[in-house]
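K.L.:
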Amino acid sequence: MQQGYTPPDGGKISFRYGLIFGLGLFVLGAIVLCINTFLLNTPGIASFGLLVTGLDWLIVLGIFFLVGVLVARKAGKVGSATIGGVWAAIFDGVPYAILAIIIFYSYTLNQNLEHLTTSSSSRTIGPEAMRSILAASGLFGIVFGLLFTIGIGAGMAALGGLLGRSLFNKAHPNPMAGMPYPGQPFVGQPYPQPGQPPYPGQQYPQPGQPPYPGQPYPQPGQPPYPGQPYPQPGQPYGSQPSYPGYPAPGQPNETPGAPQPERERPPVSDYPHPPAE
Numbered sequence: 001m002q003q004g005y006t007p008p009d010g011g012k013i014s015f016r017y018g019l020i021f022g023l024g025l026f027v028l029g030a031i032v033l034c035i036n037t038f039l040l041n042t043p044g045i046a047s048f049g050l051l052v053t054g055l056d057w058l059i060v061l062g063i064f065f066l067v068g069v070l071v072a073r074k075a076g077k078v079g080s081a082t083i084g085g086v087w088a089a090i091f092d093g094v095p096y097a098i099l100a101i102i103i104f105y106s107y108t109l110n111q112n113l114e115h116l117t118t119s120s121s122s123r124t125i126g127p128e129a130m131r132s133i134l135a136a137s138g139l140f141g142i143v144f145g146l147l148f149t150i151g152i153g154a155g156m157a158a159l160g161g162l163l164g165r166s167l168f169n170k171a172h173p174n175p176m177a178g179m180p181y182p183g184q185p186f187v188g189q190p191y192p193q194p195g196q197p198p199y200p201g202q203q204y205p206q207p208g209q210p211p212y213p214g215q216p217y218p219q220p221g222q223p224p225y226p227g228q229p230y231p232q233p234g235q236p237y238g239s240q241p242s243y244p245g246y247p248a249p250g251q252p253n254e255t256p257g258a259p260q261p262e263r264e265r266p267p268v269s270d271y272p273h274p275p276a277e
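Counting in UniProt numbering, the sequence shown runs from 1 upward without gaps.
(1) Mapping the DSSP letters down to three states, classify Asn169 as helix, strand or coil.
(2) Do you know how far the Cα of Gly29 is from the Cα of Arg73?
(3) When we look at the beta-carbon of Thr82 and count the other beta-carbons within 10 Å, is it buried (16 or more) or exposed?
(4) Taking the alpha-carbon positions, what's the Ser47 to Leu40 distance?
(5) Alpha carbon to alpha carbon, how far is Ile152 from Asn36? Give it in angstroms, no decimals.
(6) Under the rule that 16 or more other beta-carbon atoms within 10 Å means buried, what is Leu70, buried or exposed?
(7) Examine the Cβ distances between the stretch 56 to 71 and the stretch 156 to 164 and report whether three or more of them are shorter than 8 Å.
(8) Out of Leu19, Thr42 and Val32, which has the shortest C-alpha to C-alpha gap to residue 279?
(9) If you compare alpha carbons, which of Ile90, Trp87 and Ile103 is closest to Gly138?
(10) Rounded to a whole number of angstroms, what is the C-alpha to C-alpha distance between Ile20 and Pro127?
(11) So is Thr42 buried or exposed if we call it buried at 16+ other beta carbons inside 10 Å?
(12) Helix, strand or coil: which one does DSSP assign to Ile35?
(13) Reducing DSSP to helix, strand and coil, say where Gly151 ends up.
(14) By how many angstroms is the C-alpha of Gly22 removed from the C-alpha of Gly93?
(15) So, is Ser14 buried or exposed, given that buried needs 16 or more other C-beta atoms within 10 angstroms?
(16) When we look at the beta-carbon of Leu147 and count the other beta-carbons within 10 Å, is it buried (16 or more) or exposed?
(17) Check for me: the alpha helix (DSSP H) holding Pro95 runs from which residue to which?
(18) Verify whether the separation of the beta carbon atoms of Gly84 and Gly18 is less than 8 Å.
(19) So Val78 and Leu162 are supposed to be a Cβ contact under 8 Å. How far apart are they, rounded?
(20) Would you check if the distance between the CB atom of Ala88 and the CB atom of Gly10 is smaller than 8 Å?
(21) Quick one: what's got a C-beta closer than 7 Å to Ile150's C-beta in the same chain, skipping five residues either side?
(22) Report the residue from Leu58, Gly44 and Leu109 whose alpha carbon sits nearest the alpha carbon of Met130.
(23) DSSP on Ile59, reduced to helix/strand/coil?
(24) Find the nearest neighbour of Lys12 within the set Ser80, His115 and Thr118, judged by alpha-carbon distance.
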């Protein structure tokens, strides 16, 4: 992961993709439900209804898998992909369940009740009891289908999240142990010497900024690094430490000591000394 990189918010990404694809699946499911209920409800062509339902489920599974891939590719987490699949299943299953209940109680229940009352096997059961049984079984089937859809959405999105996470890792590789961030030298690699261009991607220190860690300071009489201002006379190099009692780097080693007393010089005579005997 690069320096200064902020990971995206997985919750927002999961909700966004879940909302988009979930509503799309609801529209597809509503179309299939209306086709099976109003067009393919006769016994002669009921097999086509099963075929349409099977194709619909294949598309639903593929969409849930795609949601997991897209979410994990953006967020880099399989957990976020699973949550995205749950959101997609909720936005698909809840409106679909409401529509299915409306169609069932307004149309399908009456059609099934009329069909069963004409058969000989249902003559021992009254119409009201038969209606209650059909209503309860239909409601149970719709609720079970909703829970099953949420479970399938979470599972398929988790599988897609495994693929999406691998794509995320390729786009945002993590630095291995010992590898520097972009623009930094490797461990044990010396910094470029003065007058030498920096390594690829590495920038010079800004004016007034100390050298990078491990980079030697310029020696006395040596020009500073590019972008570093020249020191003024009597001024040490920028941001280079000096200690009390010691001269600044590049300054002569003159340690102030105690003042020495002056010796008394003997008087000098204006006359030459007599020759020694």
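All C-beta atoms, glycine included, are put in the ideal place defined by N, C-alpha and C.
P.N.:
With the given structure in hand:
(1) In the structure shown, the three-state DSSP call for Asn169 is helix.
(2) 27 Å
(3) By the neighbour-count rule (16 or more Cβ atoms within 10 Å), Thr82 is buried.
(4) 8 Å
(5) Approximately 22 Å, taken between the alpha carbons.
(6) buried
(7) Touching, per the Cβ criterion.
(8) It is not possible to answer for residue 279, since the shown part of the chain is limited to 1 through 277.
(9) Ile103
(10) 44 Å
(11) exposed
(12) helix
(13) helix
(14) 8 Å
(15) buried
(16) When all chains shown are included, Leu147 counts as exposed.
(17) Counted as a single uninterrupted DSSP element, the alpha helix (DSSP H) harbouring Pro95 occupies residues Val78 to Ile103.
(18) yes
(19) 6 Å
(20) no
(21) Val86, Ala89, Ile90 and Gly93
(22) Leu109
(23) helix
(24) The option with the nearest alpha carbon to Lys12 is Ser80.
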